Amino acid sequence: MAAVNRIVRLDLLAHGKEIAREYYGILTLRQLYYQCVARGHSPNSQKDYNRLKDIISEARMAGAFPFDWLIDRSRTVHSGAYNHRSADVADALENAAQAVANTPYWYLSAAKWWGQKTHVSVWVEKEALAGVFEGPCQRLGVSWFACKGYPSLSSLWAWVKQVETTVVAAEADGWGGLDKIVIVYFGDHDPDGYQIHKTALRTVREIAGLEGIDLPPITLERAALNRAQIEQYNPPPMPAKKSSPRFVRYAADHPWTKGADGKERAWELDALRPEQLDKLIRTKVAAHYDRPRHDEVQAVIEERRVEMRAEMKAGGWLQDALDRIADGE
Numbered sequence: 001m002a003a004v005n006r007i008v009r010l011d012l013l014a015h016g017k018e019i020a021r022e023y024y025g026i027l028t029l030r031q032l033y034y035q036c037v038a039r040g041h042s043p044n045s046q047k048d049y050n051r052l053k054d055i056i057s058e059a060r061m062a063g064a065f066p067f068d069w070l071i072d073r074s075r076t077v078h079s080g081a082y083n084h085r086s087a088d089v090a091d092a093l094e095n096a097a098q099a100v101a102n103t104p105y106w107y108l109s110a111a112k113w114w115g116q117k118t119h120v121s122v123w124v125e126k127e128a129l130a131g132v133f134e135g136p137c138q139r140l141g142v143s144w145f146a147c148k149g150y151p152s153l154s155s156l157w158a159w160v161k162q163v164e165t166t167v168v169a170a171e172a173d174g175w176g177g178l179d180k181i182v183i184v185y186f187g188d189h190d191p192d193g194y195q196i197h198k199t200a201l202r203t204v205r206e207i208a209g210l211e212g213i214d215l216p217p218i219t220l221e222r223a224a225l226n227r228a229q230i231e232q233y234n235p236p237p238m239p240a241k242k243s244s245p246r247f248v249r250y251a252a253d254h255p256w257t258k259g260a261d262g263k264e265r266a267w268e269l270d271a272l273r274p275e276q277l278d279k280l281i282r283t284k285v286a287a288h289y290d291r292p293r294h295d296e297v298q299a300v301i302e303e304r305r306v307e308m309r310a311e312m313k314a315g316g317w318l319q320d321a322l323d324r325i326a327d328g329e
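Quick look at the structure:
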């Protein structure tokens, strides 16, 4: 029996290494576990999760599983900048020349969503998925928020204030301001996952009202997990928690979740592959992006860059800047 268990553990370790290598540096341990379940390498139970956790921990300490293949988004190590240095004059002059050449691009620019009529914010239920969501959201130029389950009042207040800043800036930029705010939400398909975003949206509206913050209409789109994605990607199910006070409503609203055993099932967002989530994020956000509007904004910015380059070449701009250095400004 011991030999059989060892073979099973080695086999699971091999599959875990294959998956972790595929998604180098962005998976948490729980995401790795769900990928093992989804690919048929492990049953779906807390006992099996604990077994994988022990196997991976032992392998990492034995040097058989690189530490940097997995991340822990719930604990952050903060570092300083004590290793920075720059003491070569020739390199510094070259960098300064490059900086002057790039000045029009650095100081005359527009964010991807500048001039758009819709402000989009991506919300994800779990902090553990931050590594999956951060990259695509940054590339798309949209804000994103990890709710960590039911978000705190302080975090929702911070989100409202951030959006207020965006609204004020949009009204002042000469492009007509914002018409609406859209929250694109990603969460588990379970009793709590189907209530978190509804409660959070209601609270956001209440906070804005209580504080007298005038925002455009706020709507929320549930991007995942939905029935269509469950049928398309076939993530592994788990029993829906009957202990949740929202279980009865969940079962009534989603009768199709009842399995052959007569018990309601639930699905976790973590079970989708990172590339599947990436595609969903890009598709849902792109639906709100006005490309012709973007092109119009960029054309204006480029006209102003041409004007700035002409001023820098023809006038006394550079000499004035050097004079400021001499004067100690």
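The sequence shown begins at 1 in the numbering used here and counts up by one. We put the beta carbon where it would ideally sit given N, CA and C, even for glycine. Note that the structure is predicted; figures quoted are calculated from it, not measured.
* **Identity of the residues DSSP links to TRP185 by a beta bridge** => The sequence as given places Tyr at residue 185; Trp does not occur at that position. Beta-bridge pairing links TYR185 to TRP123 and ARG222.
* Asked: Measuring CA to CA, which of VAL306, GLU231 and TYR185 is closest to THR219?
  -> TYR185
* Compare the C-alpha of ILE213 against each of VAL167, ASN226 and ARG304 and name the closest. => VAL167
* Closer than 8 angstroms, CB to CB, is VAL184 near chain C or not? -> The structure shown contains no chain C, having only a single protein chain.
* Asked: LEU108: which of GLU307, GLN319, GLY316 and LEU318 sits nearest, CA to CA?
  -> GLU307
* What does a CB cutoff of less than 7 angstroms around LYS53 pick up in its chain, not counting 5 residues either side in sequence? -> LEU29
* Taking only the alpha-carbon atoms, compute the straight-line gap between LYS241 and ASP190 and give it to the nearest angstrom. => 8 angstroms
* If we ignore side chains and look at the alpha-carbon of each, how far apart do GLN35 and LEU156 end up? -> 31 angstroms
* **Whole-angstrom C-beta distance between TRP159 and VAL122, which should lie under 8 angstroms** => About 12 angstroms separates the two Cβ atoms, so there is no contact after all.
* Three-state secondary structure (DSSP) of LYS258 -> strand
* Asked: How about VAL297 and TRP114: are their beta carbons less than 8 angstroms apart?
  -> yes
* By Cβ distance, which residues of its chain are closer than 8 angstroms to LEU32, with the 5 residues on each side in sequence left out? -> GLY16, ILE19, ALA20, LEU52, ILE56 and LEU70
* **Per-residue DSSP class, three states only, for MET1** => Confidence at MET1 is low in this model, with a pLDDT of 45, below 50, so the placement of that residue should be treated as unreliable; the coordinate-derived value is given next. Note: MET1 maps to coil in three-state DSSP.
* **Inter-residue Cα distance where the pair is GLU125 and ALA224** => 10 angstroms
* For ARG293, which option in ILE26, ALA101 and ALA111 has the closest C-alpha, if you only look at C-alpha atoms? -> ALA111
* **Length of the line joining the Cα atoms of VAL182 and PRO255** => 29 angstroms
* **Helix, strand or coil at ARG265 according to DSSP, with G and I counted as helix** => strand
* **Nearest-angstrom beta carbon gap, ILE26 and GLY131 [assumed within contact, 8 angstroms]** => 4 angstroms
* What are the partner residues of THR118, as DSSP defines its beta bridges? -> LYS180
* Between the region 313-328 and the region 135-144, are three or more C-beta pairs nearer than 8 angstroms? -> no
* Runs of alpha helix (DSSP H) lying entirely within the region 144-179, each at least 4 residues, in chain order -> 153-172
* To do: Decide if VAL120 is buried, meaning its Cβ has at least 16 other Cβ atoms within 10 Å, or exposed.
  => buried
* On the DSSP bridge assignment, give the partners of LEU70 in chain order. => LEU27
* Inter-residue spacing [alpha-carbon to alpha-carbon] between ALA314 and ALA101 -> 14 angstroms
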